[in-house]
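Let me begin by presenting the structure, written as structure tokens, before commenting on it.
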Amino acid sequence: MNISFNEISILPFAESAHELKQHFLNLAKVYKKLKEDYNIEHIVFPSNLAELKVLPDTLIHKWLTELRGMEKDQILNLIHRRPFSNDVIGGYNEEIDSFVFSNEDMGIEENICIGLGVTYICQTASISLNTHEFWEKDKIQFSILDYNNDERTPAIAPNCCIAELTNDFKTWIEKNAEVVLITTDMEPSTKHIHFRDDHETSILMAFAKRIVNSKYLVSIINSLPFNSATSRFIRKCYSDGKIEIVLHWEDKGIGMVIQTTGRNYNETLAIAEILKEKYDR
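Take any residue in the sequence shown, note its place counting from 1, add 5, and you have its number in my numbering.
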């Protein structure tokens with residue numbers, strides 16, 4: 006299970022680079038507890054990480070270059086790891102700008118909140134910096150903004166900020182961290198397979214005949230555009246059970262979209278790991 010970094014919790018800005026470093030070291034401490042106690046695998050950071058301002062006049066990459074020693078490595082290892090937000094939200098890239106957060110006390114007015122948006126799309130929780138007592142809440146309310154008619158729909162993200170987790174957050178994460186996968190009773194020969202004619206169909210079909218034996222695969226929806234630059238077998242996972250797979254060992258990086266039995270993002274991610282272990286090269 007992944008958890009999403011709430012980048013809005015950078016606000017209010019720390020008073021110094023040293024104070025900011027302490028906030029991120031605390032984040033690492035909280036993540037370590039989540040990983041040890043609840044098997045949280047990864048913090049998803051926004052894909053626009055390089056654009057994040059972490060001090061009034063400093064972007065995150067500049068601040069990171071000025072860090073030194075083991076603490077720098079600790080923070081970099083936390084931040085610079087895939088998947089990022091665009092990797093996990095799948096087809097919701099355009100909708101991510103619809104999630105906004107406001108808080109009058111902190112002077113925040115409808116800031117786009119990618120991290121909180123990821124919690125909504127992927128049905129996960131957020132992890133926040135402890136820059137303000139507000140971020141210690143175990144639930145954060147934000148809004149889904151309909152730009153066409155200026156309407157706002159409330160949404161809530163489970164949240165943690167300090168290592169002393171609240172009972173409500175513990176209950177939520179214990180319930181949601183447990184992934185129970187379902188299988189299909191379809192025979193491999195009955196599973197629908199469809200590829201575009203111009204996408205190396207013979208190679209894709211040979212691989213399809215192997216992967217349809219998986220008890221988690223329901224159908225093969227279509228072929229993917231060529232992805233020759235990637236070396237990853239799993240390209241993307243979706244909360245509705247779809248997974249994009251790339252045969253990265255082929256020169257052109259051909260691939261396919263499959264439908265699995267995953268009922269949410271966490272289940273789909275778990276199925277993707279099973280398929281990767283069995284069918285990747």
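The C-beta atom is built at its ideal place from N, Cα and C for all residues, glycine as well.
- Exclusion of the five residues before and after GLU114 leaves SER107 as the residues of its chain whose Cβ lies within less than 8 angstroms of its Cβ.
- For PHE89, there is no enclosing alpha helix (DSSP H), as DSSP marks it with neither H nor E.
- In the three-state reduction of the DSSP assignment, MET210 falls in the helix class.
- Its Cα nearest to that of ARG286, the residue ILE250 stands out among TYR270, GLY267, VAL262, ILE250.
- Between the C-alpha atoms of THR158 and THR206 there is a straight-line separation of about 44 angstroms.
- About 4 angstroms separates the beta carbon of SER233 from that of GLY258, a gap short enough to meet the 8 angstroms contact definition.
- Assignment of ARG240 by DSSP, reduced to helix, strand and coil, places it in the strand class.
- By the C-beta density criterion, GLN264 is buried, having at least 16 other C-beta atoms within 10 angstroms.
- Straight across, the Cα-Cα distance linking ILE15 with ILE178 is about 23 angstroms.
- If you draw a straight line from the Cα of GLU183 to the Cα of ASP155, it is about 38 angstroms long.
- A distance below 7 angstroms between beta-carbons, with the five flanking residues on each side excluded, links ALA275 to the following residues of its chain, in chain order: VAL184, LEU186.
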